[in-house]
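Here the structure is laid out as structure tokens; the discussion comes afterwards.
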Amino acid sequence: MNDREKRSEFVRIDHREPLPGYREPEGRWLQPYITLDGTWKCCLRRPLTHEQERAGLLYVLVALDLPRLKALMEHEDDKAARLAGETR
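Under the numbering used here, the very last position in the sequence shown is 125; numbers go up by exactly one each time.
Spelled out as structure tokens, the structure:
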């Protein structure tokens, strides 16, 4: 069997189409992780806009444990929601 015959078994996907089964992740935050020094860290999925930076929103959060990090994430989400409500 040559290479062409092997390739005919595969379905071609256009490079502009998303991969099958791919869904855009939900939420503003990436997965929290523990660093080498034992603190928990989490970053936003997308960079802050200039308006969000001026309003004091944070791109990276660091806490001593996961419950505190989750509380900080919720606090930042509340601040972002208030800012989005004011600008609309």
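Each residue gets a CB set at the ideal place from its N, CA and C atoms; glycine is no exception. Computed from a predicted model, the values in this text were never measured in an experiment.
- Task: Ignore the nearest five residues each way along the sequence and tell me which others in Asp102's own chain have a CB closer than 7 Å to its CB.
- Result: Cβ-Cβ distances below 7 Å link Asp102 to Trp77 in the same chain, with the five nearest sequence neighbours on each side left out; the list follows chain order.
- Task: Find the nearest neighbour of Trp66 within the set Arg60, Asp74 and Cys79, judged by alpha-carbon distance.
- Result: Residue Cys79 holds the alpha-carbon nearest to the alpha-carbon of Trp66 among Arg60, Asp74 and Cys79.
- Task: Taking only runs that begin and end inside the segment 59-107, name each unbroken alpha helix (DSSP H) of 4 or more residues, in chain order.
- Result: Listed in chain order, the alpha helix (DSSP H) elements of length 4 or more contained wholly in the segment 59-107 are 87-91.
- Under the assumption that Ala100 contacts Leu109 (Cβ atoms under 8 Å), give the Cβ distance between them as a whole number of angstroms. The Cβ separation is near 6 Å, so the contact holds.
- For Asp115, which three-state DSSP category applies? Per DSSP, reduced to three states, the secondary structure at Asp115 is helical.
- Quick one: grab the DSSP three-state call for Glu123. The DSSP-derived three-state label of Glu123 is helix.
- Task: Could you check what DSSP says for Leu56 in three-state terms: helix, strand or coil?
- Result: Secondary structure of Leu56 (DSSP, three-state): coil.
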